Amino acid sequence: GTEEHKAAPSRLEAGLGYAELRFKLADGSQKERDVAIQSLRALSAGFAPSALPAITAAKLLHAAGRLGDAARSLGRAIALCPTDASLYALRSKVLLEMGRGKASLEDW
């Protein structure tokens with residue numbers, strides 16, 4: 006009921022924090038980083054649609070240099086929160102780093 010609904014966001018946030026920590030502790034291991042990113046995807050499946058997992062995944066993918074994956078993850082977040090200007094700005098930055106200046110300007 007209501008108690009479970011209120012607890013769900015805190016479990017989601019804890020899971021996101023765990024995935025971020027696991028990513029940071031991967032110490033450059035691509036395999037361990039990929040496991041952390043996969044844990045984000047699995048985590049998000051257990052909750053109502055939320056942009057938080059996609060945003061967290063995008064940040065981790067960006068840090069891992071996987072810019073295309075980061076841009077796609079931000080696209081999923083934007084689909085869930087189309088009025089959040091910060092998501093467009095972040096995707097614009099990623100697209101610019103990818104050398105996609107025109108697409109970056111469209112987001113900006």
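According to this note's numbering, the sequence shown is numbered sequentially starting from 6. Just so it is clear, CB atoms sit at the ideal spot from N, CA and C, and this is done for glycine as well. In this text, all values refer to a predicted model and were calculated from it rather than measured experimentally.
Please classify S91 as buried or exposed, where buried requires at least 16 other C-beta atoms within 10 Å of its C-beta.
exposed
A24 and S44 look like a contact to me (Cβ under 8 angstroms); what is the Cβ gap, rounded to whole Å?
5 angstroms
Using CA atoms only, rank isn't needed, just tell me which of L66, I83, A76 is closest to L101.
A76
Contacts around E9, its chain only, beta-carbon distance under 7 angstroms, and the 5 residues preceding and following it disregarded:
Residue placement at E9 cannot be trusted, given a pLDDT of 43 that sits under 50; the coordinates are not used to answer.
Count the C-beta pairs between the segment 26-45 and the segment 79-86 that are closer than 8 angstroms, then say yes if the count reaches three, no if not.
no
Alpha-carbon spacing of R96 relative to D39, whole angstroms
21 angstroms
Compute the Euclidean distance between the alpha carbons of R16 and S49, then round it to the nearest angstrom.
11 angstroms
Do D112 and Y93 come within 8 angstroms of each other at the CB atom, strictly closer than that value?
yes
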